[in-house]
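K.L.:
My structure is below; once you've seen it, I'll send some questions.
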Amino acid sequence: MPSSSAPTVSVSGVTLSFRNTRALDDVSIRFGEGITGLLGPNGAGKTTLLRILATAITPDSGALTVLGHDPRTVQGRHEIRRRLGYLPQNPGFHPRFTAFEFVDYVAILKEMTDRQARHQEVRRVLDTVGLGDRRGKRISSLSGGMRQRVGLAAALVGDPLFIVLDEPTVGLDPEQRLRFRELVAETAEGRTVLLSTHQTEDVAMLCRRVAVLDQGRVRFTGTPAELAAVAEGRVWSSTERDAGARAGWRTGTGEFRNIGDPPPGAQVCAPTLEDGYLLALGDTSGVAG
Ligand SMILES: Nc1ncnc2c1ncn2[C@@H]1O[C@H](COP(=O)(O)OP(=O)(O)OP(=O)(O)O)[C@@H](O)[C@H]1O
Numbered sequence: 001m002p003s004s005s006a007p008t009v010s011v012s013g014v015t016l017s018f019r020n021t022r023a024l025d026d027v028s029i030r031f032g033e034g035i036t037g038l039l040g041p042n043g044a045g046k047t048t049l050l051r052i053l054a055t056a057i058t059p060d061s062g063a064l065t066v067l068g069h070d071p072r073t074v075q076g077r078h079e080i081r082r083r084l085g086y087l088p089q090n091p092g093f094h095p096r097f098t099a100f101e102f103v104d105y106v107a108i109l110k111e112m113t114d115r116q117a118r119h120q121e122v123r124r125v126l127d128t129v130g131l132g133d134r135r136g137k138r139i140s141s142l143s144g145g146m147r148q149r150v151g152l153a154a155a156l157v158g159d160p161l162f163i164v165l166d167e168p169t170v171g172l173d174p175e176q177r178l179r180f181r182e183l184v185a186e187t188a189e190g191r192t193v194l195l196s197t198h199q200t201e202d203v204a205m206l207c208r209r210v211a212v213l214d215q216g217r218v219r220f221t222g223t224p225a226e227l228a229a230v231a232e233g234r235v236w237s238s239t240e241r242d243a244g245a246r247a248g249w250r251t252g253t254g255e256f257r258n259i260g261d262p263p264p265g266a267q268v269c270a271p272t273l274e275d276g277y278l279l280a281l282g283d284t285s286g287v288a289g
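Take 1 as the starting number for the sequence shown in the UniProt record's numbering and just add one per residue.
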């Protein structure tokens with residue numbers, strides 16, 4: 001994916017299967033500094049791609065570099081891990097850990113051996129995510145939004161250059177989502193962030209670039225505005241459900257919003273990112289870039 005800055009992550013022809021499931025099929029994507037959104041429905045392969053980039057698993061074939069290092073080599077994996085912040089979908093918090101203990105534990109795994117410097121860093125990242133005054137609280141006693149912030153703090157420890165966030169806004173209420181997005185936007189400065197989500201709102205509000213993944217394949221890469229433009233002239237309203245539409249749904253006004261190829265004389269509407277995303281799913285004609 002072209003970017004205004006040089007790509008820091010480059011994935012080329014990556015394929016990975018789990019038994020009979022091809023989770024990723026010839027995936028190529030490049031991105032640089034700033035936040036790139038990885039949008040896709042459940043089972044699209046987002047987590048699998050993130051886990052590969054986080055050096056947790058290795059693809060069956062294809063090439064990739066992260067910050068100039070190849071995760072297929074031992075040395076490359078080591079170099080990437082030293083510069084990586086990873087918030088997995090289920091961070092596996094030990095419920096009896098306090099926020100401080102959990103982030104400290106992650107800092108130890110990141111080889112921060114100087115206890116005093118490490119504790120200072122743990123306090124810094126907990127302050128960054130607004131949990132400085134809760135650091136002694138057990139994770140089991142924190143709200144979902146606060147737990148996600150503990151996860152983000154753990155991803156930020158050690159000041160990583162590449163941050164991977166796997167569906168970080170799932171389960172958050174609208175206010176928590178806003179707060180979390182703000183935090184991610186602030187921490188993305190000067191870093192490469194890859195954020196997987198199935199919420200187009202996350203992408204619209206946060207991302208400089210976006211890739212759509214569906215059934216293990218890249219269906220689109222570009223800017224959020226370019227993704228919305230995929231639906232230009234392909235969204236129309238009608239009073240009855242339009243059987244010829246690829247998809248249609250009733251809106252708050254009682255009218256139907258349809259996407260696909262509009263019939264002659266249709267009342268065409270301005271497209272949204274969501275329309276572009278829905279059209280990009282499973283539709284590669286003139287879309288993948
Ligand atoms: N460890 C595994 N063993 C077997 N199949 C797997 C494994 N991990 C993922 N898959 C399968 O690979 C496909 C892609 O899964 P993946 O979790 O990467 O998708 P996703 O886009 O992250 O979905 P979700 O939004 O539901 O997390 C799915 O069909 C999934 O069932």
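Yeah, the Cβ is synthetic: ideal placement off N, Cα and C, and Gly gets one too.
Measure from the alpha carbon of residue 228 to the alpha carbon of each residue in 32, 272, 41, then state which is nearest.
P.N.:
Taking only the C-alpha atoms, the option nearest residue 228 is 272.
K.L.:
So is the beta-carbon of residue 44 under 7 Å away from any non-hydrogen atom of ligand 1?
P.N.:
For ligand 1, at least one heavy atom lies less than 7 Å from the Cβ of residue 44.
K.L.:
Looking at the secondary structure, which residues open and close the alpha helix (DSSP H) in which residue 278 lies?
P.N.:
Here the alpha helix (DSSP H) through residue 278 covers 273–280.
K.L.:
Tell me, to the nearest whole angstrom, how far the beta carbon of residue 195 is from that of residue 168; I am working on the premise that it is less than 8 Å.
P.N.:
About 7 Å separates the two Cβ atoms, so the contact holds.
K.L.:
Taking the alpha helix (DSSP H) that residue 117 belongs to, which residues open and close that run?
P.N.:
Per DSSP, residue 117 belongs to the alpha helix (DSSP H) from 115–128.
K.L.:
Starting from residue 47, trace the alpha helix (DSSP H) both ways and give me its first and last residue.
P.N.:
Segment 46–53, the alpha helix (DSSP H) holding residue 47.
K.L.:
Put residue 2 into one of helix, strand or coil per three-state DSSP.
P.N.:
For residue 2, the predicted model reports a pLDDT of 45, less than 50, meaning its position is unreliable; a value from the coordinates is still stated below. Coil.
K.L.:
Between residue 145 and residue 179, how many whole angstroms is the CB-CB distance? I'm expecting something under 8 Å.
P.N.:
That pair is a contact at about 7 Å.
K.L.:
From 40, 164, 69, 158, pick the residue whose C-alpha is nearest to that of residue 10; which is it?
P.N.:
For the residues 40, 164, 69, 158, the minimum Cα distance to residue 10 belongs to 69.
K.L.:
List the endpoints of the continuous alpha helix (DSSP H) containing residue 149.
P.N.:
Segment 144–156, the alpha helix (DSSP H) holding residue 149.
K.L.:
CB-CB under 7 Å to residue 287, same chain, minus the five flanking residues each way: which ones, in chain order?
P.N.:
Low per-residue confidence applies at residue 287: pLDDT is 37, beneath 50, and the placement is therefore not dependable, though the value from the model is reported in the following sentence. Correct list, in chain order: 219, 220, 230, 280.
K.L.:
Following the continuous alpha helix (DSSP H) through residue 187, name the residue where it begins and the one where it ends.
P.N.:
Unbroken alpha helix (DSSP H) run through residue 187: 174–187.
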